[in-house]
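Letter 169 of the sequence shown, counting from 1, is numbered 1587 in our numbering, and no numbers are missing. Ideal Cβ positions, reconstructed from N, Cα and C, are used throughout, including at glycine. Quick caveat: nothing in here was measured; it's all calculated off a predicted structure.
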Amino acid sequence: MEQTNPKRKMMRTVEAIFDLLYLFTVFIAAVLLYMTAEPGSLRWQYALMAFILGIGDASHLIPRIYAITDKNNHNHTAILGMGKLIASITMTLFYIFLWKIGNGYYPFHANKYLSIIVYGSALLRIFLCVLPQNRWLDENPPLIWGIIRNVPFFILGMTVMLFYMIAAFKYGGSLSFLWLAIMISFACYLPVVLFSKTNPKVGMLMLPKSCAYAAIVLMGVSLT
């Protein structure tokens, strides 16, 4: 049986606790938003967005929590890979919801070309994610496909971020710092995509990334 040094074991325990707290925060916020929202309202849409985020992340994080706490060292590669695939798709839908909510929340609408970029990059991202070349179930999936599928995701995220940033400086409101949370999430996520294979410690950036997404969800509590 593989021996795990005490420091690494402690870090895994901290990661598991953090992931559980993150999921708990997202789902509790989603439930509160849903229970206090009128059907079809921005608050209601925000609740659905939070549920989508929580379900997608749970599909990846719960198997990961089990894997890092499994004392029998079973092979969890397949279920972890499937969870990553699901999370990749739900995260794309999350940004579509953010786009629609932003266009409903602020008193101006983005031009049609930006909408084409948002929806086009989202569709391309989902299409690329489901291609077999990603080899989601392999122990060492190709890095190049991790980069390819994240190019349209980056375009999607940056377009949504710029929309919220411009709107925040112009109109303010309770979503004024949402653009900053998106920027932080991508600043943490991109190094993981590029370097986590060669330097596993880079994966710890997923913790502040999760904090950024939890902050986005909690911002919705102030919506009416």
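Requested in this report: Mark M1453 as exposed unless 16 or more other C-beta atoms lie within 10 angstroms of its C-beta, in which case mark it buried.
Outcome: Within the sequence shown, numbered from 1, the residue matching residue 1453 stands at position 35. Exposed, by the Cβ-count rule.
Query - 7 Å Cβ cutoff met for L1511 and I1566 - result: In the sequence shown, counting from the first residue as 1, residue 1511 sits at position 93. In the sequence shown, counting from the first residue as 1, residue 1566 sits at position 148. No, the pair does not count as a contact, with Cβ atoms beyond the cut-off.
Query - Burial state of P1570, where buried means 16 or more other Cβ atoms lie within 10 Å - result: For the purposes of this step, residue 1570 is taken as residue 152 along the sequence shown, with counting starting at 1. Flag for P1570 reads buried.
Query raised in the report: Which whole runs of the alpha helix (DSSP H) in the region 1528-1567 are 4 residues long or more, in chain order?
Result: 1530-1547, all fully within the region 1528-1567.
Report task. Using only alpha-carbon positions, find the residue among T1508, M1579, Y1523 and G1458 that is nearest to H1478. Result -> Walking along the sequence shown from the start, residue 1478 turns up at place 60. For the residues T1508, M1579, Y1523 and G1458, the minimum Cα distance to H1478 belongs to T1508.
Query raised in the report: Measuring CB to CB, does L1580 end up less than 7 Å from M1637?
Result: Locating residue 1580 in the sequence shown gives position 162, counting from the first residue. Locating residue 1637 in the sequence shown gives position 219, counting from the first residue. The answer is no: Cβ separation not under 7 Å.
Report task. Could you have a look at A1455 and say whether DSSP puts it in helix, strand or coil? Result -> Residue mapping note: residue 1455 aligns to position 37 of the sequence shown, counting from 1. If DSSP states are grouped into helix, strand and coil, A1455 belongs with coil.
Query raised in the report: So the alpha helix (DSSP H) L1479 belongs to, where does it begin and stop?
Result: Numbered from 1 along the sequence shown, position 61 holds the residue referred to as residue 1479. L1479 -> alpha helix (DSSP H) spans L1460 to T1487.
Report task. Give every residue of the same chain whose Cβ lies closer than 7 Å to the Cβ of A1485, excluding the five residues on either side of it in the sequence, and list them in chain order. Result -> Locating residue 1485 in the sequence shown gives position 67, counting from the first residue. Counting only Cβ-Cβ distances below 7 Å, and skipping sequence neighbours, we find H1494 and L1498.
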